[in-house]
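Novice:
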Amino acid sequence: MNKTPDRREFLRRIGLGGISLSLAPTVALAAGEEHTLSSVSAAGRRYNGTYTGEQLNRVSFPMGGMGAGMICLDGTGSFSHLSIRNRPDVFNEPGIFAALHVKGIKGGARVVEGPSPLWKHFGRPDSGNGSGGNVFGLPRFRNVSFESRFPFATVQLSDDQVPVTATVTGWSPFIPNQEDDSSLPFAGVEYSFTNKSAVEASCVFSVNTRNFMRADGAKGYVQAAERGFVLGCESLPDKPTTAGAFAVVTDQQDTVVDHCWFRGGWFDPLTIAWEKIRDGRVEAVPPVADSAPGASLYVPFRLASGSTRTIRISFCWYVPETDLRFGEDAAPDRPCNPEAGCCNTTAELGVYPLKTYTGKSYKPWYASRFEQVEGVTRYIREHYARLRQASTVFSDAFYASTLPAEVTEAVAANLTILKSPTVMRQYDGRLWAFEGCGDTWGCCHGSCTHVWNYAQAIPHLFPFLERTLRHTEFCENQQADGHQVFRAALPIRVQKHDFHSAADGQLGGIMKLYRDWRISGDANWLKKMYPMAKVSMDYCIRTWDPGNKGIVEEPHHNTYDIEFWGPDGMCTSFYLGALMAMVRMGTHLKKDVKRYQQLLDAGRKYLETELFNGEYFIQQIKTEGLQAKSPLDPSYKTFGGAYSTEAQALLEREGPKYQYGTGCLSDGILGSWMARVCGLDEVAAPAKVASHLVAVHRYNLKSDLSEHANPQRPSFALGSEGGLLLCTWPRGGALSLPFVYSDEVWTALSTRSPRIL
4 MNKTPDRREF LRRIGLGGIS LSLAPTVALA AGEEHTLSSV SAAGRRYNGT YTGEQLNRVS
64 FPMGGMGAGM ICLDGTGSFS HLSIRNRPDV FNEPGIFAAL HVKGIKGGAR VVEGPSPLWK
124 HFGRPDSGNG SGGNVFGLPR FRNVSFESRF PFATVQLSDD QVPVTATVTG WSPFIPNQED
184 DSSLPFAGVE YSFTNKSAVE ASCVFSVNTR NFMRADGAKG YVQAAERGFV LGCESLPDKP
244 TTAGAFAVVT DQQDTVVDHC WFRGGWFDPL TIAWEKIRDG RVEAVPPVAD SAPGASLYVP
304 FRLASGSTRT IRISFCWYVP ETDLRFGEDA APDRPCNPEA GCCNTTAELG VYPLKTYTGK
364 SYKPWYASRF EQVEGVTRYI REHYARLRQA STVFSDAFYA STLPAEVTEA VAANLTILKS
424 PTVMRQYDGR LWAFEGCGDT WGCCHGSCTH VWNYAQAIPH LFPFLERTLR HTEFCENQQA
484 DGHQVFRAAL PIRVQKHDFH SAADGQLGGI MKLYRDWRIS GDANWLKKMY PMAKVSMDYC
544 IRTWDPGNKG IVEEPHHNTY DIEFWGPDGM CTSFYLGALM AMVRMGTHLK KDVKRYQQLL
604 DAGRKYLETE LFNGEYFIQQ IKTEGLQAKS PLDPSYKTFG GAYSTEAQAL LEREGPKYQY
664 GTGCLSDGIL GSWMARVCGL DEVAAPAKVA SHLVAVHRYN LKSDLSEHAN PQRPSFALGS
724 EGGLLLCTWP RGGALSLPFV YSDEVWTALS TRSPRIL
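Residues 4 to 760 (the numbering used here) make up the sequence shown, in order.
1. Tell me the rounded alpha-carbon separation between proline 97 and glutamate 479.
2. When you compare the CB positions of alanine 298 and phenylalanine 232, do they come within less than 8 Å of one another, or not?
3. Using the C-alpha atoms, what's the distance from tyrosine 609 back to threonine 170?
4. Can you tell me the Cβ-Cβ gap for tyrosine 646 and proline 637, rounded? I've got them flagged as a contact below 8 Å.
5. Quick test of your reading: threonine 197 and threonine 53, contact by CB under 8 Å. State the CB separation rounded to the nearest angstrom.
6. Can you list, in chain order, the residues of its chain whose CB lies under 7 Å from that of serine 41, leaving out five sequence neighbours each side?
7. Since valine 680 is in the alpha helix (DSSP H), which residue starts that stretch and which ends it?
8. Ends of the alpha helix (DSSP H) at histidine 591?
9. Beta carbon of glycine 606: closer than 7 Å to some heavy atom of the ligand ADP?
10. Compute the Euclidean distance between the alpha carbons of phenylalanine 642 and histidine 560, then round it to the nearest angstrom.
11. What residues are listed by DSSP as bridge partners for glutamine 481?
12. In its own chain, which residues sit with a C-beta less than 7 Å from the C-beta of threonine 39, not counting the 5 before and 5 after it?
13. Just list the residues that DSSP pairs aspartate 77 with in beta bridges.
14. Cα separation between serine 398 and tyrosine 661?
15. When the Cα of alanine 71 is compared with those of Thr325, Arg470, Ser161, which residue comes out closest?
16. Mark phenylalanine 125 as exposed unless 16 or more other C-beta atoms lie within 10 angstroms of its C-beta, in which case mark it buried.
17. The beta strand (DSSP E) spanning glutamine 159 covers which residue range?
18. With DSSP run on the structure shown, which of helix, strand or coil describes phenylalanine 82?
19. Note down, in chain order, each residue of its chain lying with its Cβ closer than 7 Å to the Cβ of alanine 31, except the 5 sequence neighbours on either side.
20. Considering Cα atoms alone, identify which of Val743, Gly736, Thr750 is closest to glutamate 724.
21. Give a yes or no on whether the C-beta atoms belonging to glycine 508 and histidine 453 are separated by under 8 Å.
22. Could you check if cysteine 446 is buried or exposed, using at least 16 other CB atoms within 10 Å of its CB as the buried criterion?
23. Whole angstroms are fine: how far does the CA of isoleucine 383 sit from the CA of glutamate 229?
24. Identify, in the order they occur along the chain, each residue of the same chain with its Cβ nearer than 6 Å to the Cβ of leucine 673, setting aside the five sequence neighbours on each side.
25. Measure the C-alpha to C-alpha separation of glycine 140 and threonine 562 and round it to an integer number of angstroms.
26. Within the continuous beta strand (DSSP E) that includes serine 151, where are the two ends?
27. May I ask you to report which of helix, strand or coil DSSP gives proline 120?
28. Say whether the region 158 to 172 touches the region 365 to 375, bearing in mind that this needs 3 or more beta-carbon pairs closer than 8 Å, one atom from each stretch.
29. Is the separation between the beta-carbon of asparagine 713 and that of aspartate 746 shorter than 8 Å?
30. Quick one: residues in its chain with C-beta nearer than 6 Å to the C-beta of proline 534, no 5 flanking neighbours on either side, listed in chain order?
31. Contact check, proline 466 vs isoleucine 522 under 8 Å by CB: the rounded distance?
32. Can you find the residues in the same chain that come closer than 6 Å, C-beta to C-beta, to serine 205, ignoring five residues on each side of it along the sequence?
33. Of all the options Gln392, Ile108, Val115, Tyr663, which has the alpha carbon lying nearest to the alpha carbon of glycine 78?
34. Using C-beta distances below 6 Å, list every residue in its chain close to phenylalanine 13, excluding the 5 sequence neighbours before and after it, in chain order.
35. Leaving out the 5 sequence neighbours to the left and right, which residues in its chain are closer than 6 Å to proline 549 when beta-carbon positions are compared?
36. Quick test of your reading: phenylalanine 208 and valine 302, contact by CB under 8 Å. State the CB separation rounded to the nearest angstrom.
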């Protein structure tokens with residue numbers, strides 16, 4: 004039995020750097036190879052370097068707190084993707100824009116942005132009629148560049164016709180182990196102006212916006228705020244979700260506010276607002292009783308030659324009510340308690356310090372902290388400097404890493420997901436997430452276990468939040484028999500169990516429980532969680548390995564949204580990792596783990612001999628000799644639908660649909676990576692793991708996809724683009740209908756595989 008590593012060694016192994024290079028010992032890289040900031044991408048841009056020209060077209064940098072909503076700073080300095088109503092709104096251009104007027108200069112008024120990309124003019128929904136109401140047609144700076152140092156982004160702007168240059172810095176708090184300060188409905192934007200001329204410049208800076216908070220016919224308003232204004236919308240009697248507020252405030256004492264743009268038809272409000280900017284007029288307009296179309300704040304200032312002035316803007320929002328609810332409620336008599344290996348709430352288990360939220364619809368965490376938007380703005384005003392400094396400490400430490408530049412850029416890009424509406428944090432503080440964002444909807448709900456398995460930043464940077472996911476998996480989502488649903492309900496609660504468990508998701512959860520225990524060092528927490536983990540593990544054995552062979556053999560649902568029939572390297576490697584975790588945890592708690600160790604030993608032998616073809620790990624497609632009924636059985640549930648006459652012929656000839664058989668699967672030994680990042684050992688011989696990874700690189704990585712046929716979801720990568728395919732069949736045996744995503748390129752897979760190498 005392997006000796007459990009001490010906690011210091013464990014933390015060294017799985018530190019943030021280890022997230023990216025966790026399996027580095029398994030493959031020999033070129034000796035002396037250096038990676039520096041000068042590493043250049045295929046597009047000719049340095050990794051972690053500056054974006055210019057066409058590279059800026061699709062740059063949007065998320066800002067906001069975890070689970071609090073998002074506003075993006077684009078590569079050109081504009082604001083987009085406003086998603087503060089507790090759901091994605093990818094094409095939402097709010098119409099907020101900063102402007103600068105330099106007096107005495109012909110054409111001295113500019114929107115503080117670079118040229119807007121062409122796709123915004125013609126590629127957005129309903130853009131074929133001129134994009135009325137947007138600010139694309141206003142004069143702006145001609146030269147622009149963008150650089151990211153998460154959680155900060157910087158836009159540089161200049162124009163030969165304007166003697167003042169601008170630097171725009173956008174950010175939002177990201178402070179490890181301070182999940183509350185990192186979950187605020189806030190984004191900071193700092194505008195710095197430098198006078199490049201030999202004479203003093205007289206300037207007026209402004210932030211201008213229509214009232215984008217008005218929704219569904221409800222009454223909008225613009226209210227006063229200290230050194231700024233609040234855009235708002237009232238609730239409707241039958242629709243409280245319309246209520247919301249968005250504050251725009253500065254740190255400048257001499258701020259002047261126009262609370263009500265010109266009221267009129269057609270394009271009157273924006274037209275008059277721009278005329279004021281163009282002429283450098285600073286006019287205070289008080290709030291009005293009727294709905295104001297928009298508002299502006301002005302900061303007049305003078306710049307000596309060579310001097311710089313920085314103006315700080317805070318965006319704060321508050322939208323407390325939603326109609327979000329996912330999942331079908333379970334029967335009220337669900338027989339669960341901690342002694343049975345499951346529980347109805349975390350309160351029953353005694354592992355969470357806050358009262359369980361029992362509302363009918365999702366309510367964001369920040370609504371438990373603040374009663375209205377004024378509370379948010381007050382907190383930001385009082386703590387801005389501290390929040391910024393702490394976020395800077397993280398950023399500086401992260402980018403000082405010795406990791407290759409291409410790795411830090413990939414990790415930073417993925418960290419921005421935590422700022423997006425992909426992530427939710429409900430009223431009681433527990434984490435919940437979609438798989439990703441659709442245009443106006445969360446794509447695939449429920450903190451899906453076979454997706455969020457692979458998110459390794461949260462457990463290391465915000466371990467308290469990560470443990471709330473374990474609580475959901477092993478408490479509300481687990482039945483007394485150990486069956487787990489792989490999609491959590493929202494609000495988080497007990498729900499109906501009417502589909503397969505996900506093998507990779509449920510087994511991965513056991514490994515993550517081990518990891519989270521070692522990160523926290525909380526033996527009491529492990530003692531409370533272990534009984535549920537044991538029930539889960541025993542369910543997995545009983546369901547997928549009834550023959551006690553140490554392999555996942557029975558039909559098993561997985562991350563490809565189908566079931567594999569017969570043992571495969573991917574899910575069996577997860578199984579072995581989970582068994583190893585149970586051995587480690589059980590040994591610490593002085594439990595009998597002989598059965599788990601025996602299965603681990605048997606499974607490792609089978610994986611290395613029967614599922615390894617001498618070059619890479621494969622699947623043995625199997626329908627005979629299983630406890631499972633035929634795929635044709637009417638009671639068998641699958642996302643693939645019933646078997647047609649043609650599909651039945653394929654079943655007889657090749658076996659069930661959606662397998663991979665002799666294919667070289669990029670995820671084919673993924674459980675070994677999962678084990679390593681969780682602080683466990685390899686689940687197979689390192690040389691064989693290395694051989695599989697080299698095969699993935701040799702066969703699945705394509706520099707050009709022009710000749711590759713992908714009838715599935717091609718727009719992830721196609722044509723002359725390159726990418727890592729999910730699966731190929733270099734030794735023959737390609738199936739007529741392999742698993743449904745086999746021909747695709749997945750960004751996460753493309754970055755994870757080289758990190759393993």
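A virtual CB, placed ideally from N, CA and C, is assigned to each residue, including glycine. For clarity, every value in this text was computed on a predicted model and none was experimentally measured.
Specialist: This is what the structure holds:
1. The residue labelled residue 97 in the question sits at position 94 within the sequence shown. The residue labelled residue 479 in the question sits at position 476 within the sequence shown. Between proline 97 and glutamate 479, the C-alpha separation is close to 38 Å.
2. Position 295 of the sequence shown holds residue 298. Position 229 of the sequence shown holds residue 232. Inclusion of alanine 298 and phenylalanine 232 in the CB contact set at 8 Å is warranted, their separation being smaller than that value.
3. Here residue 170 corresponds to residue number 167 of the sequence shown, with the count starting at 1. Here residue 609 corresponds to residue number 606 of the sequence shown, with the count starting at 1. Threonine 170 and tyrosine 609 have their C-alpha atoms spaced approximately 60 Å apart.
4. Counting from 1 along the sequence shown, the entry for residue 646 is found at position 643. Counting from 1 along the sequence shown, the entry for residue 637 is found at position 634. Rounded, the Cβ-Cβ distance is 10 Å, inconsistent with contact.
5. If you number the sequence shown from 1, residue 197 lands on position 194. If you number the sequence shown from 1, residue 53 lands on position 50. Actually they do not touch by this definition, with Cβ atoms about 18 Å apart.
6. By 1-based counting over the sequence shown, the position of residue 41 is 38. In this predicted model, serine 41 has a pLDDT of only 40, less than 50, meaning its place in the structure is not dependable enough to derive any value.
7. Residue mapping note: residue 680 aligns to position 677 of the sequence shown, counting from 1. Element bounds for valine 680: 673 to 680.
8. Numbered from 1 along the sequence shown, position 588 holds the residue referred to as residue 591. Run containing histidine 591: 572 to 591, per the alpha helix (DSSP H) assignment.
9. In the structure on display, the ligand ADP does not appear, and there are no ligands present to speak of.
10. As a working mapping, residue 642 is identified with position 639 in the sequence shown. As a working mapping, residue 560 is identified with position 557 in the sequence shown. C-alpha separation (whole angstroms): 10 Å.
11. Against the sequence shown, residue 481 aligns to sequence position 478. Gln487.
12. The residue given as residue 39 occupies position 36 in the sequence shown. Since pLDDT at threonine 39 reaches only 37, below the 50 mark, its modelled position is unreliable, and the value read off the structure follows with that caveat. For threonine 39, where only same-chain residues beyond five positions count, the Cβ hits under 7 Å are Ala408.
13. On the sequence shown, position 74 is the one that residue 77 refers to. DSSP output for aspartate 77 lists Ser63 as bridge partner(s).
14. Here residue 398 refers to the residue found at position 395 when the sequence shown is read from its first residue. Here residue 661 refers to the residue found at position 658 when the sequence shown is read from its first residue. Spanning the two alpha carbons is a distance of roughly 43 Å.
15. By 1-based counting over the sequence shown, the position of residue 71 is 68. When only C-alpha atoms are compared, the closest one is Thr325.
16. Translated into positions along the sequence shown, residue 125 becomes position 122. Its Cβ having fewer than 16 others within 10 Å, phenylalanine 125 is exposed.
17. By 1-based counting over the sequence shown, the position of residue 159 is 156. Secondary structure note for glutamine 159: its beta strand (DSSP E) is the uninterrupted segment 155 to 162.
18. Walking along the sequence shown from the start, residue 82 turns up at place 79. Three-state DSSP puts phenylalanine 82 in a strand.
19. In the sequence shown, counting from the first residue as 1, residue 31 sits at position 28. At alanine 31, the pLDDT of 34 sits below 50, so the modelled position is not reliable; the number obtained from the coordinates is stated separately. Answer for alanine 31: no residue qualifies.
20. Here residue 724 corresponds to residue number 721 of the sequence shown, with the count starting at 1. If we check each option's Cα against that of glutamate 724, Thr750 comes out closest.
21. Mapped onto the sequence shown, residue 508 falls at position 505. Mapped onto the sequence shown, residue 453 falls at position 450. The answer is yes: Cβ separation under 8 Å.
22. Residue mapping note: residue 446 aligns to position 443 of the sequence shown, counting from 1. Exposed, by the Cβ-count rule.
23. Along the sequence shown, one-based indexing puts residue 229 at 226. Along the sequence shown, one-based indexing puts residue 383 at 380. Cα-Cα distance, rounded: 12 Å.
24. On the sequence shown, residue 673 is found 670 positions in, with the first residue counted as 1. So the list reads Met573, once near-sequence residues are dropped.
25. On the sequence shown, residue 140 is found 137 positions in, with the first residue counted as 1. On the sequence shown, residue 562 is found 559 positions in, with the first residue counted as 1. If you take the alpha carbons of glycine 140 and threonine 562, they lie about 45 Å apart.
26. Within the sequence shown, the letter at position 148 stands for residue 151. Serine 151 -> beta strand (DSSP E) spans 146 to 152.
27. Numbered from 1 along the sequence shown, position 117 holds the residue referred to as residue 120. In this structure, proline 120 counts as coil in the three-state DSSP scheme.
28. They do not touch, by the three-pair rule.
29. Counting from one through the sequence shown, the residue named residue 713 turns up at place 710. Counting from one through the sequence shown, the residue named residue 746 turns up at place 743. Yes, the Cβ-Cβ distance between asparagine 713 and aspartate 746 is below 8 Å.
30. Taking the sequence shown and counting its residues from 1, one reaches residue 534 at position 531. Correct list, in chain order: Gly344.
31. If you number the sequence shown from 1, residue 466 lands on position 463. If you number the sequence shown from 1, residue 522 lands on position 519. Contact flag correct, Cβ pair sits at about 5 Å.
32. To locate residue 205, count along the sequence shown from 1; it is residue 202. Once the five neighbours on either side are set aside, the close Cβ partners of serine 205 are Lys106, Arg305.
33. Counted from its first residue, the sequence shown places residue 78 at position 75. The shortest Cα separation from glycine 78 among Gln392, Ile108, Val115, Tyr663 belongs to Val115.
34. Taking the first residue of the sequence shown as position 1, residue 13 is located at position 10. Since pLDDT at phenylalanine 13 reaches only 45, below the 50 mark, its modelled position is unreliable, and the value read off the structure follows with that caveat. Non-local beta-carbon contacts of phenylalanine 13 in its own chain, meaning distances under 6 Å to residues more than five positions away in sequence, involve Arg521, Gly682 in chain order.
35. As a working note, residue 549 is residue 546 in the sequence shown. Result list for proline 549: Gln630, in chain order.
36. Mapped onto the sequence shown, residue 208 falls at position 205. Mapped onto the sequence shown, residue 302 falls at position 299. 5 Å between Cβ atoms; contact.
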